[in-house]
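Enquirer:
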Amino acid sequence: MNNMQSISPEKCAEFIREGGVAAFTGAGISTAAGIPDFRGKGGFYSTGRYNPDTVFEIEYFKTNPKPFYDFSRDMLEIVDRITPTFTHFFLAQLEEMGLLSSLSTQNIDPLHQMAGSKNVICIHGSYSSMNCLRCGKYYGLDASLEYIRSQDVPRCGECGGLLKPDVVFFGEQVHGMNEAMQEIAESKTLLVLGSSLVVYPAAILPQWAKRAVVVNRTGVSIPTVPEQYMVERELDDFFRQVAEYVF
Ligand SMILES: [Zn+2]
Numbered sequence: 001m002n003n004m005q006s007i008s009p010e011k012c013a014e015f016i017r018e019g020g021v022a023a024f025t026g027a028g029i030s031t032a033a034g035i036p037d038f039r040g041k042g043g044f045y046s047t048g049r050y051n052p053d054t055v056f057e058i059e060y061f062k063t064n065p066k067p068f069y070d071f072s073r074d075m076l077e078i079v080d081r082i083t084p085t086f087t088h089f090f091l092a093q094l095e096e097m098g099l100l101s102s103l104s105t106q107n108i109d110p111l112h113q114m115a116g117s118k119n120v121i122c123i124h125g126s127y128s129s130m131n132c133l134r135c136g137k138y139y140g141l142d143a144s145l146e147y148i149r150s151q152d153v154p155r156c157g158e159c160g161g162l163l164k165p166d167v168v169f170f171g172e173q174v175h176g177m178n179e180a181m182q183e184i185a186e187s188k189t190l191l192v193l194g195s196s197l198v199v200y201p202a203a204i205l206p207q208w209a210k211r212a213v214v215v216n217r218t219g220v221s222i223p224t225v226p227e228q229y230m231v232e233r234e235l236d237d238f239f240r241q242v243a244e245y246v247f
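Quick note on numbering: the UniProt record's numbering labels position 152 of the sequence shown as 152, and the sequence is numbered without any gaps.
Laid out in structure tokens, this is it:
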């Protein structure tokens with residue numbers, strides 16, 4: 001650990017009230033809501049219904065799309081049964097109050113949007129739209145969810161081509177990197193929530209912050225950030241306390 005310090009909920013609230021807050025969220029905020037960890041015990045991959053090495057491979061998907069859609073239906077069914085966490089709602093509230101200027105997430109579930117967040121940069125894409133891989137036809141949120149739920153392998157209504165959601169597969173370009181980078185660089189405080197910061201682009205983005213508050217179950221540090229704080233706690237436990245000083 002280089003210059004990592006601990007921080008109290010009260011001090012964190014003080015930073016938030018200054019405004020210009022950016023947030024970057026990872027898997028930890030989704031698992032806290034009840035989305036299984038992909039690889040963990042009881043996770044999506046432990047069902048054996050799809051192979052973790054191929055389910056997000058674009059070339060595999062083009063010839064064998066069903067495992068990806070099985071995965072997607074499993075996830076969307078879980079999303080239907082759960083609600084976003086306190087921390088999801090807290091971030092949406094900060095945006096509404098004008099304190100949060102940007103929210104980027106590594107997660108492909110819609111929990112931030114369900115909590116009311118308006119501007120979410122989905123680095124790894126989302127299920128909010130689909131495109132036909134043959135004719136390019138665009139399908140919006142409602143149509144996308146309807147097609148995934150009602151068809152084993154969704155096909156284009158125009159040409160019968162394979163439909164692919166806007167989820168980023170292995171080897172595809174991540175989304176919104178420049179925008180996220182700029183927002184983080186311009187922020188006064190970056191909240192890094194539930195990310196262990198090991199995989200790209202999580203390992204890169206927070207490095208642009210001037211000040212970072214990292215809340216995660218296990219300690220992680222960001223080499224280049226001049227002022228950084230670490231909270232090794234559950235997100236909701238910490239932010240319930242922070243909220244008392246913000247509102
Ligand atoms: Zn088509």
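Glycine included, every Cβ here is placed at the ideal spot set by N, Cα and C.
With a threshold of 7 Å (Cβ to nearest heavy atom), would arginine 134 be considered close to ligand 1?
Expert: Yes - ligand 1 has a heavy atom lying nearer than 7 Å to the Cβ of arginine 134.
Enquirer: According to DSSP, is alanine 212 helix, strand or coil?
Expert: Of the three classes helix, strand and coil, the one that applies to alanine 212 here is strand, per DSSP.
Enquirer: Where DSSP assigns a beta bridge to lysine 164, which residues make up the other side?
Expert: In DSSP, lysine 164 forms a bridge with Asn131.
Enquirer: Could you check whether the region 78 to 91 touches the region 178 to 186, counting it as contact only if at least three pairs of C-beta atoms, one from each stretch, sit closer than 8 Å?
Expert: Touching, no, given that fewer than three Cβ pairs across the two stretches are closer than 8 Å.
Enquirer: Any chance the region 43 to 59 sits against the region 99 to 113, with 3 or more Cβ pairs inside 8 Å?
Expert: No, because fewer than three Cβ pairs between the region 43 to 59 and the region 99 to 113 fall closer than 8 Å, the two stretches do not touch.
Enquirer: On the CB-based measure, 16 or more other CB atoms within 10 Å of its CB, does phenylalanine 170 come out buried or exposed?
Expert: By the neighbour-count rule (16 or more Cβ atoms within 10 Å), phenylalanine 170 is not buried but exposed.
Enquirer: Return the CA-CA distance between tyrosine 50 and valine 246, expressed in angstroms with no decimal places.
Expert: Distance between the alpha carbons of tyrosine 50 and valine 246 is about 44 Å.
Enquirer: Taking glycine 161 as the reference, which of Cys135, Ala33 and Gln241 has the closest Cα?
Expert: Closest option to glycine 161, Cα to Cα, is Cys135.
Enquirer: In whole angstroms, what separates the C-alpha of methionine 230 from that of tryptophan 208?
Expert: About 17 Å.
Enquirer: Between which two residues does the alpha helix (DSSP H) carrying methionine 230 extend?
Expert: Unbroken run through methionine 230 is the beta strand (DSSP E), 227 to 231; no alpha helix (DSSP H).
Enquirer: Just to confirm before moving on: does the CB-CB distance between serine 202 and serine 195 stay below 8 Å?
Expert: Checking the displayed sequence, the identity of residue 202 turns out to be alanine instead of serine. Contact flag set, yes.
Enquirer: Just how far apart, CA to CA, sit glutamate 232 and histidine 88?
Expert: Going from the Cα of glutamate 232 to the Cα of histidine 88 covers about 18 Å.
Enquirer: When the Cα of threonine 47 is compared with those of Thr54, Arg39 and Asp53, which residue comes out closest?
Expert: Ranking the options by Cα distance to threonine 47, first place goes to Arg39.
Enquirer: Between the beta-carbon of lysine 188 and the beta-carbon of glutamate 10, is there less than 8 Å?
Expert: No, the pair does not count as a contact, with Cβ atoms beyond the cut-off.
Enquirer: With a CB to CB cut of under 6 Å and the five nearest residues on each side skipped, what residues in its chain are close to cysteine 159?
Expert: The residues are Arg134 and Cys135.
Enquirer: Shorter than 7 Å, the distance from the beta carbon of lysine 164 to the closest heavy atom of ligand 1, or not?
Expert: It does not: the Cβ of lysine 164 is nowhere closer than 7 Å to a heavy atom of ligand 1.
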